[in-house]
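J.: Can you read through this structure? Questions will come right after.
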């Protein structure tokens, strides 16, 4: 009889603690979300695990013999261009109003061509060969190279153009 | 670094901040309710645990106090608190600055001082800090709702009626407002921006708004101005000092000076303007404006640059 009472009280204690824990956890998550609405409390943690895993997998699965240099990738290196920054810069100039740009939020425009797979494209704007210097110059002043184009001169500076070009060259046919 | 979004310049849209008297009162009420609710939850759970552990003989006074007296008292406090809050938020101030806003699918027509100077603008509202402002709210088509979450409560705009709400912004800054009543296909894309400035800046803003549009001073801007007329834009849009037009669309006298395009949705710049003119139905499905992809490339560019220059 005494044993049964102890069991019941332990069960009640656990139930109560569980309810309070759920309540506290909810409060913490809500407080977290409110404190910084732009901060994703879960995504960053998950991507950290993902990065750790790929590092471990790379260590054991990597090819010990150095492969040939990837000449195609090297040809698309943009001088002074930072792809991560470029990805953010697109929003500043409203590029997404006319172009689909994978990885840029809200860039779903259909006025101009989609920029998916841009690294594999032969020509920029149909007039310049697709290589880093040409792409940067085109981004700075499209009408200079194609007088009838609908793409305006957006007031892009050299640094921003290089960053955007670097990002566009991360968009290969394979995604 | 905070990521740039496709939205305008404002901060996150939130009601959990005290940038106005209305939002201050509602936030206080919300927090009081949350804390009291949490306390009651913990006490009830504690009592349940205690009752489980001990042999309890039922007593009538427990039932009466916990089941009748306590809930009635709690709800009475809540009723008094929310009634006082509602009365304070809903009071319309007769001597306040008046701004008339008319909702359209899917944009806002704004008239400052409608009974005297009638200064027109659109999709952006400038408010003086610390001064009560009465919004006179109308609708031209369907029911919309005017809501600036960080500053005050919401008020519906009903066709054929004039609703009023007095708000007082207490903090300077940029805030996002949103249509809060489903009004059609692009209802979620019907936002606006609120800029709270010191009272003397507000007076200066109104003086500047009185003027006419900036003139075109380069060949490209002149071409854009001509395209604006020949493409038929004045059928719906006015640019004061340049062309008299219709009132079906927003006044464009200072369109380039606003922080955002498409009723608070996209950053104001040449790129978004060009995309908007060429394919507005893609950016804002169901808007009254047609997509102008009939313009040649150079005409489209010139028009986008011209509109951007109107500050």
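Protein chains in written order, with the working numbering: chain F, 8 to 182; chain D, 240 to 550.
Backbone N, C-alpha and C define an ideal beta-carbon position, used for all residues, glycine too.
Since we're looking at a predicted model, the values are computed, not measured.
#1: So for residue 167 of chain F, helix, strand or coil by DSSP?
#2: Pick from D/289, D/312, D/397 and D/503: whose alpha carbon is nearest that of residue 342 of chain D?
#3: Would you kindly check if the distance between the Cβ of residue 518 of chain D and the Cβ of residue 103 of chain F is under 9 Å?
#4: Beta carbon of residue 288 of chain D, beta carbon of residue 20 of chain F: below 9 Å?
#5: In chain order, what residues of the stretch 514-530 of chain D put their CB closer than 7 Å to some CB of chain F?
#6: For the candidate residues F/34, F/154 and F/119, whose alpha-carbon lies nearest to that of residue 459 of chain D?
#7: Can you give me, in chain order, the residues of the stretch 494-505 of chain D that have a beta carbon less than 7 Å from any beta carbon in chain F?
#8: Across which residues does DSSP place residue 417 of chain D in a beta bridge pair?
#9: Sorted by chain position, which residues of the same chain lie with C-beta nearer than 6 Å to residue 93 of chain F's C-beta, five sequence neighbours on each side aside?
#10: My output table needs one value for residue 378 of chain D: the three-state DSSP class, helix, strand or coil.
#11: Does the distance from the CB of residue 430 of chain D to the CB of residue 261 of chain D come in under 9 Å?
#12: Between the C-alpha atoms of residue 284 of chain D and residue 411 of chain D, what's the straight-line distance to the nearest angstrom?
#13: Could you tell me whether any Cβ in chain F is nearer than 9 Å to the Cβ of residue 489 of chain D?
#14: Just to confirm before moving on: does the CB-CB distance between residue 501 of chain D and residue 480 of chain D stay below 9 Å?
#15: Closest to residue 292 of chain D by C-alpha separation, out of F/135, F/15, F/76 and F/118, would be which residue?
#16: Nearest by alpha-carbon distance to residue 29 of chain F: which of D/453, D/414 and D/277 is it?
#17: Which term fits residue 81 of chain F, buried or exposed, when burial requires 16 or more other beta carbons within 10 angstroms of its beta carbon?
#18: Would residue 177 of chain F pass as an interface residue toward chain D - the criterion being a Cβ-Cβ separation below 9 Å?
#19: Quick check: what's the CA-CA separation for residue 33 of chain F versus residue 309 of chain D?
#20: On a CA-only basis, which of D/388, D/484 and D/478 is nearest residue 265 of chain D? Give me that one, please.
#21: So which of D/298, D/294, D/470 and D/252 has the shortest CA-CA distance to residue 484 of chain D?
#22: Quick one, are the C-beta atoms of residue 513 of chain D and residue 159 of chain F less than 9 Å apart?
#23: Give the DSSP bridge partners of residue 469 of chain D, in chain order.
#24: What's the C-alpha gap between residue 373 of chain D and residue 123 of chain F?
#25: Based on Cα-Cα distance, which residue from D/522, D/320 and D/338 lies nearest to residue 407 of chain D?
#26: Do we get a CB-CB distance below 9 Å when we pair residue 537 of chain D with the residues of chain F?
#27: Less than 9 Å between the C-beta atoms of residue 90 of chain F and residue 143 of chain F, yes or no?
#28: Relative to the C-alpha of residue 465 of chain D, which candidate in D/537, D/371 and D/400 has its C-alpha closest?
#29: Pull up the distance between the alpha-carbon of residue 209 of chain D and that of residue 252 of chain D, whole angstroms please.
#30: Going by the CB atoms, is the gap between residue 364 of chain D and residue 416 of chain D shorter than 9 Å?
#31: Quick one, which residues of the stretch 87-102 of chain F are near chain D if we go by CB-CB under 7 Å, in chain order?
T.: Let me lay it out:
#1: Residue state, collapsed to three classes: helix.
#2: Proximity to residue 342 of chain D across D/289, D/312, D/397 and D/503 peaks at D/397, based on C-alpha coordinates.
#3: Result no, Cβ atoms of residue 103 of chain F and residue 518 of chain D do not sit closer than 9 Å.
#4: Closer than 9 Å, so yes.
#5: Answer in chain order: 514, 515, 517, 518, 521 and 522.
#6: Ranked by Cα distance from residue 459 of chain D, the options F/34, F/154 and F/119 are led by F/154.
#7: Against chain F - using a Cβ distance shorter than 7 Å - the residues of the stretch 494-505 of chain D are 505.
#8: Answer is D/386 and D/430.
#9: Listed in chain order, the non-local C-beta contacts of residue 93 of chain F below 6 Å within the same chain comprise 170, 171, 173 and 174, local neighbours out to five positions each way being set aside.
#10: In this structure, residue 378 of chain D counts as strand in the three-state DSSP scheme.
#11: No, they are not a contact pair.
#12: A straight-line Cα-Cα distance of about 44 Å links residue 284 of chain D and residue 411 of chain D.
#13: It does not; no Cβ of chain F falls within 9 Å.
#14: No, Cβ-Cβ distance for residue 501 of chain D and residue 480 of chain D is not below 9 Å.
#15: For the set F/135, F/15, F/76 and F/118, the Cα lying nearest the Cα of residue 292 of chain D is the one of F/15.
#16: Out of D/453, D/414 and D/277, D/277 has the C-alpha closest to the C-alpha of residue 29 of chain F.
#17: It is exposed - the Cβ of residue 81 of chain F has fewer than 16 other Cβ atoms within 10 Å.
#18: The beta-carbon of residue 177 of chain F is placed no less than 9 Å from the nearest beta-carbon of chain D.
#19: One C-alpha to the other measures close to 26 Å.
#20: D/388 is the residue among D/388, D/484 and D/478 whose C-alpha sits nearest the C-alpha of residue 265 of chain D.
#21: The residue from D/298, D/294, D/470 and D/252 with its alpha-carbon nearest to that of residue 484 of chain D is D/470.
#22: Contact check for residue 513 of chain D against residue 159 of chain F passes: the beta carbons are separated by less than 9 Å.
#23: Paired residues: none, contrary to the question.
#24: For the pair residue 373 of chain D and residue 123 of chain F, the Cα-to-Cα distance works out to about 49 Å.
#25: Per the Cα distances, D/338.
#26: Judged by the 9 Å Cβ criterion, residue 537 of chain D is in contact with chain F.
#27: Between residue 90 of chain F and residue 143 of chain F, the gap from beta carbon to beta carbon reaches 9 Å or more.
#28: Shortest Cα-Cα distance from residue 465 of chain D to any of D/537, D/371 and D/400 involves D/537.
#29: Since the first residue shown for chain D is 240 and the last is 550, residue 209 of chain D is missing from the structure and cannot be characterised.
#30: Taking C-beta atoms as the reference points, residue 416 of chain D and residue 364 of chain D count as a pair closer than 9 Å.
#31: Within the stretch 87-102 of chain F, the qualifying residues are 95, 98, 99, 100, 101 and 102.
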